[in-house]
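Take a look at the structure set out below.
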Amino acid sequence: MSLTQQPAFDSRFENLEKDAVFIRKRKATVACFITRMFLLGAEYAIILPSIWLYLKKFNVEPWFLGIVIAVYPFAAIISLPVVGYLFDKLKRIKEIILILNSFEIIGNIVYAIPISKWMVFMGRFLAGLGDGFYACATSEVVHTYPVSQRTGIFALLELGRVLGITFGPALNFFLSKVDVQIGGWRIDSGTSPGLFMALLWILCQVITIYYTSNLSLLIEERARYYPNIKLDTRGLNFDCSKESKRMRETSLCESLNDEEPLISQTKLSFKLYKSTNGALYVDDNLTEEESWAESNNSDFSTSLNSSKILPPKSDLLKLFLTLCTTEILCIFYADLVLWLAQTEFEVLLPLITQESYNWGENYVSVVYMVGGVWLMIVFFLIYKFAEKLKIKDQHFILISLIFTVLALLLMMCEQIPDSKDIKKRLPIFISICVLIFSTIPLNLVAVKSLVSKLTPREKQGLAQGVYSSIGRVALILGPILASAAFSHLIIFATVMSVLCIIGLVWFVLNLGNIRRKITLMDLRNS
2 MSLTQQPAFD SRFENLEKDA VFIRKRKATV ACFITRMFLL GAEYAIILPS IWLYLKKFNV
62 EPWFLGIVIA VYPFAAIISL PVVGYLFDKL KRIKEIILIL NSFEIIGNIV YAIPISKWMV
122 FMGRFLAGLG DGFYACATSE VVHTYPVSQR TGIFALLELG RVLGITFGPA LNFFLSKVDV
182 QIGGWRIDSG TSPGLFMALL WILCQVITIY YTSNLSLLIE ERARYYPNIK LDTRGLNFDC
242 SKESKRMRET SLCESLNDEE PLISQTKLSF KLYKSTNGAL YVDDNLTEEE SWAESNNSDF
302 STSLNSSKIL PPKSDLLKLF LTLCTTEILC IFYADLVLWL AQTEFEVLLP LITQESYNWG
362 ENYVSVVYMV GGVWLMIVFF LIYKFAEKLK IKDQHFILIS LIFTVLALLL MMCEQIPDSK
422 DIKKRLPIFI SICVLIFSTI PLNLVAVKSL VSKLTPREKQ GLAQGVYSSI GRVALILGPI
482 LASAAFSHLI IFATVMSVLC IIGLVWFVLN LGNIRRKITL MDLRNS
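Going by this note's numbering, the first residue of the sequence shown is number 2, and it counts up by one from there.
What follows is the structure, given as structure tokens:
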């Protein structure tokens, strides 16, 4: 794709941040994203604690529980690249989210029908297809926010998910008390979580319909009609109160659903002006002598006609080669080992506390609650200070790898003291929790933001879908490896430490390449 066909965000609409209508719609759209992330986190916290008791009604073996839990991220692995590819093609985030919400609604209703264990399995699979939201939401942020603001917005999105995970157990407490009969359908502690989530997803549908906008599509369409125009206040001061002209103010967010095109394809009979507030004005009351298309602005007309040429079709092979560069591969490897370490720790946490410290469920719940609060604090700090302090995404990833290595080394130390000496082991265990819970938000936000800067903007959907799929692979492998590693924690910590150190060294060696690639990608998109 040529550089002139798809200008970068900042050069295409230089003063976009001063378009009040656009800013309002963008804030509403991001608020919808955060709401949906909250529901994803709440669903995780509501369904998982009750799913084993629900499956016991069908006399299943414990291995089937693992399959049901794993089928959700497996469905997401399928959905993420597909949804990302569709977003790259269509840029219709609103319609895509409505479809994904429908999968969540149907999946949770199917989950709540207590006919067979396979209904539970199919319900979780259908709900997992809705997890493709990550690919399109991330891409929409890339298309509608400047590079400097993306890391903070990604932190806000993840903060919404953590809020859902934190408050989900409180909702589950009330759902566990439900026991009603509707005809032959008994709604109890096993089926009520599915029905409750289905109702919340229906509410999310309504919110999406009214508050989500296809802003990236709108930017692309308006750039096609106004390829050489920047919404910039640093221009002529135009007095829009002139009585001799009938002026019509247009915003970037003017509806694209009109049957008539925004600009006539046969004759351009208007002039464009910029006011002091950055708005674009169109004078559509011109005489023949003043007609722009017939007089002295043929260059603009030629440029406008050439902008109707659509970009070439996506080249999947080219994207594959882009994702297979050394810089991207080292980031993906670091992300995979970090996700593995984090998911394994989440599984090991209740096992270690209950078996080694003899803690009850209440104490374990307190650890998760405190960890959730700490996650929210870290996400908020990233949102608030990442842009102001100009902390690079590469630095966040380095910190994540270092913290994870330290946590794994401490895990080995925690196993050395005598098992009865709790006073020596507890401070080490608390340090491990702080390091791991600090690593999670840094990794989640930084890798996502860095991938967006190293891949072409027009292929963001598919690139983010592939990236997000890596985390889902870790969600499947992590619990399996952790269950086998519990009896051999020192060996587990040693192996994971080596893998993380390899990722750390590889990443450090590629820091120069990553910086150069970011610069080249900025030039490509400018």
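Backbone N, C-alpha and C fix where the C-beta goes; we use that ideal spot for every residue, glycine too. Please read all numbers here as calculations on a predicted model, not as lab measurements.
Among the options, the one whose alpha carbon lies nearest that of residue i
i: Leu482; options: Asn102, Val509, Gln343; result: Gln343
i: Ala464; options: Leu330, Lys425, Val365, Ile502; result: Leu330
i: Val499; options: Leu407, Leu510, Ile433, Leu478; result: Leu407
i: Leu49; options: Gly67, Val61, Ala32, Phe59; result: Gly67
i: Ile166; options: Gly373, Asn215, Val367, Ser484; result: Gly373
i: Val379; options: Phe23, Val448, Val435; result: Val435
i: Lys92; options: Val496, Gly504, Ser140, Ile78; result: Ser140
i: Asp89; options: Glu459, Leu478, Phe397, Ser488; result: Glu459
i: Glu356; options: Ile423, Ala224, Pro147; result: Ile423
i: Val61; options: Gly185, Ser117, Val181, Gln206; result: Ser117
i: Leu524; options: Leu455, Arg225, Leu87; result: Leu455
i: Pro170; options: Ala77, Thr520, Pro194, Asp180; result: Pro194
i: Ala199; options: Phe104, Asp189, Ile392; result: Phe104
i: Phe59; options: Ile114, Ile110, Leu87; result: Ile114
i: Val371; options: Ile431, Tyr211, Leu322; result: Ile431
i: Gly133; options: Ser149, Leu352, Ile79; result: Ile79
i: Thr145; options: Glu18, Lys57, Val111; result: Glu18
i: Val352; options: Ser450, Pro480, Lys393; result: Per the sequence presented here, residue 352 reads as Leu, with Val not at that position. Measuring from the Cα of Leu352, the nearest candidate turns out to be Pro480.
i: Phe404; options: Leu451, Cys501, Lys389; result: Cys501
i: Ala77; options: Ala475, Thr520, Ile519, Lys518; result: Ala475
i: Phe321; options: Pro457, Leu478, Lys391; result: Pro457
i: Ala128; options: Ile24, Trp53, Asp20, Leu196; result: Leu196
Pair within 9 Å by beta-carbon distance, residue i and residue j
i: Ala138; j: Arg27; result: no
i: Ala46; j: Leu176; result: no
i: Arg151; j: Leu41; result: no
i: Ala43; j: Leu218; result: no
i: Ile429; j: Leu411; result: yes
i: Ile503; j: Asn444; result: no
i: Phe438; j: Trp375; result: yes
i: Arg473; j: Phe75; result: yes
i: Ser1; j: Leu81; result: The requested residue 1 is not part of the displayed model; the chain covers only 2 to 527.
i: Leu350; j: Val367; result: no
i: Val338; j: Met522; result: no
i: Ser488; j: Val142; result: no
i: Leu409; j: Thr495; result: yes
Expected contact under 8 Å - CB spacing of residue i and residue j to nearest Å
i: Ile203; j: Ile106; result: 6 Å
i: Leu160; j: Phe381; result: 7 Å
i: Ala335; j: Phe508; result: 5 Å
i: Ile515; j: Glu328; result: 5 Å
i: Ala136; j: Val72; result: Their Cβ separation, rounded to whole angstroms, is 19 Å, which puts Ala136 and Val72 out of contact at 8 Å.
i: Ile35; j: Leu216; result: With a Cβ gap of about 16 Å, Ile35 and Leu216 do not count as contacting.
i: Leu318; j: Val467; result: With 8 Å as the limit, Leu318 and Val467 do not qualify as a contact, their Cβ atoms being about 14 Å apart.
i: Tyr112; j: Gly462; result: Actually they do not touch by this definition, with Cβ atoms about 28 Å apart.
Own chain residues within Cβ distance below 7 Å of residue i, not counting five before or after
i: Thr209; result: Cys33, Lys95, Ile98, Leu99, Asn102
i: Phe493; result: Ala486
i: Ile491; result: Met413, Gln416
i: Asn511; result: Thr327, Glu328, Cys331
i: Cys205; result: Thr36, Arg37, Leu40, Asn102
Cβ-based neighbour list, residue i, same chain, cut-off 6 Å, excluding 5 preceding and 5 following
i: Ile383; result: Ala156, Val446
i: Tyr55; result: Gly191
i: Leu214; result: Rather than Leu, the amino acid found at residue 214 in this sequence is Ser. Only Lys26, Thr30 meet the Cβ criterion.
i: Trp360; result: Thr354
i: Tyr212; result: Ala29, Cys33
Legend entry - Sufficient close CB pairs (3 or more, under 8 Å) joining the segment 345-361 to the segment 113-127: no
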